[in-house]
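Visitor: So the sequence shown is numbered by the working numbering: it starts at 6 and just counts up by one.
The structure's right below; bear with me while I get my questions together.
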Amino acid sequence: MDTYVGNGAYCYANSTAMLLASIGERVSPSYIEALTGVGFGAVWDEAEKVAWFNGKLTPDEGIDHALKLLGFTAAGNSPSADERTSIEVLEEEIWKGPVILGPLDMGMLTYHPNHPHLSGCDHYIIAYALDEQYLYLHDPAGFPHVRLPIQSLCEAWKADKVRWKRSKPYQMWSRPERINSPSEYETAQNAVNYYKTLYVETIEWAAQNNKSVNAEAIRTFSHFVGKKDVTPGGVGNMKYFLFQLGARRAIDTADFLKNYEPALTKIKAQQARIFGACHTLAVQEDWSSLSKALTGLAILEEQMIETLLTK
């Protein structure tokens, strides 16, 4: 069974799908997620003692790449890191149509019942109205038509505690416009070339910054898990986020590539199954078995890089 339909932490893909739907373009969040490229590679986080399965790429960069691969441009990115100017730009843009905002710090999203425990977690939403007191929005984490006080918006949007972002705060995407119409085959081939570039850039970045990435990062993760050397934050990420998201990303990428790249499709499908097993083992706190499963992911990561870089 290689098709999954259900919930998942697809905030930026869901928000991008809603933005495109506002101009009559219906694109599946699963398709968008595959095009972001965020699910390729891995990087070791020494503080949390986990490997994040996204290489050096940040979700905000992924949105830009997905839109480009689909044939769209989007306007509205704040030209300033100044809070007041950014709100003024948002006021202008939101009159023209919905706006993606992110990354936002989930700890400041006061409509979310669990927000006090989510400080530093990155998130993306789509906003559709603004007045003197509130921003009105759809949050793809399960909160349609909610409102956020402007002061909370400013604190969330500044995203000081958010790690996975570009250097500038107050990012937005609005007014999408189709500039070309690539075929599905062209989109797939362009995406594969993009994935290849991602790996090359991640490997270069790791060498320049003394970072452990890709299979090496996953093997380091396996080593620490096998020793039960895990942090409370790392355990929380493993049980509630890391592996279940990895499984869905891998399934959706396999589905995206299945008619064009059989070798990559096979690897992604295998990754999805192991990610699912990793989630189960993490919840059970079976660290020995989880360590072995992670070694399997490291082997698949090597196969993925070899397959892509020899194309």
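Ideal Cβ positions, reconstructed from N, Cα and C, are used throughout, including at glycine.
Please read these numbers as outputs of a predicted model, since none were measured by experiment.
Quick check: the Cα distance between K201 and P154, rounded to an integer number of angstroms?
Guide: The residue you call residue 201 lines up with position 196 of the sequence shown. The residue you call residue 154 lines up with position 149 of the sequence shown. Taking the straight line joining both Cα atoms gives about 42 Å.
Visitor: From A259, K263, A255, pick the residue whose C-alpha is nearest to that of G281; which is it?
Guide: As a position in the sequence shown, residue 281 is number 276, starting the count at 1. Taking only the C-alpha atoms, the option nearest G281 is A255.
Visitor: Taking 7 Å as the cut-off, decide whether the C-beta atoms of F229 and L299 are in contact.
Guide: Mapped onto the sequence shown, residue 229 falls at position 224. Mapped onto the sequence shown, residue 299 falls at position 294. It is not a contact, given that the beta carbons lie outside the stated cut-off.
Visitor: Under the DSSP definition of a beta bridge, which residues are partnered with G145?
Guide: Counting from 1 along the sequence shown, the entry for residue 145 is found at position 140. The amino acid at residue 145 is misidentified as Gly; the sequence shows Pro. Answer by DSSP bridge pairing: none, since P145 is not bridged.
Visitor: Looking at G238 and the ligand ATP, is the gap between the Cβ and the nearest heavy atom below 6 Å?
Guide: Questions concerning the ligand ATP fall outside what the structure shown contains, since it holds no ligand whatsoever.
Visitor: Comparing C-alpha positions only, which one of I68, T258, L135 sits nearest to R152?
Guide: Sequence index remark: in the sequence shown, residue 152 carries index 147 (1-based). When only C-alpha atoms are compared, the closest one is L135.
Visitor: Which stretch, first to last residue, makes up the alpha helix (DSSP H) that contains F248?
Guide: In the sequence shown, the residue the question calls residue 248 occupies position 243. Taken as a continuous stretch (DSSP letters only), the alpha helix (DSSP H) holding F248 covers 248-262.
Visitor: For the region 108-122 and the region 159-177, state whether three or more C-beta atom pairs, one from each stretch, are separated by less than 8 Å.
Guide: Contact between the region 108-122 and the region 159-177 is present, because at least three Cβ pairs lie under 8 Å.
Visitor: Assuming L295 contacts I279 under a Cβ cut-off of 8 Å, what Cβ separation, rounded to an integer in Å, is found between them?
Guide: Stepping through the sequence shown from its first residue, residue 295 is reached at position 290. Stepping through the sequence shown from its first residue, residue 279 is reached at position 274. In fact, because the Cβ distance is near 10 Å, the residues do not count as touching under 8 Å.
Visitor: DSSP three-state call for R152: helix, strand or coil?
Guide: For this step, residue 152 is matched to residue 147 along the sequence shown. Strand.
Visitor: Quick one: what's got a C-beta closer than 7 Å to S124's C-beta in the same chain, skipping five residues either side?
Guide: Position 119 of the sequence shown holds residue 124. Result list for S124: D110, G112, K166, in chain order.
Visitor: In chain order, what residues of the same chain have a beta carbon less than 6 Å from the beta carbon of H128, not counting five sequence neighbours either side?
Guide: As a working note, residue 128 is residue 123 in the sequence shown. Taken in chain order, the residues that qualify are C16, L109, M111.
Visitor: Quick check: the region 304-313 against the region 194-208, are there 3 or more CB pairs under 8 Å?
Guide: Contact between the region 304-313 and the region 194-208 is present, because at least three Cβ pairs lie under 8 Å.
Visitor: Which of the three DSSP states is assigned to S33 in this structure?
Guide: In the sequence shown, the residue the question calls residue 33 occupies position 28. Three-state DSSP puts S33 in coil, outside helix and strand.
Visitor: Could you give the DSSP three-state label for S179: helix, strand or coil?
Guide: Position 174 of the sequence shown holds residue 179. Note: S179 maps to strand in three-state DSSP.
Visitor: What is the residue span of the beta strand (DSSP E) that H128 lies within?
Guide: One-based indexing of the sequence shown puts residue 128 at position 123. From DSSP, the beta strand (DSSP E) with H128 extends over 127-135.
Visitor: Would you call the region 131-149 in contact with the region 96-104, where contact means no fewer than 3 C-beta pairs closer than 8 Å?
Guide: Yes, the region 131-149 touches the region 96-104.
Visitor: Identify the residues that DSSP records as bridge partners of F58: which are they?
Guide: As a first step, residue 58 is located in the sequence shown; it is residue number 53 there, counting from the start. Beta-bridge pairing links F58 to no other residue.
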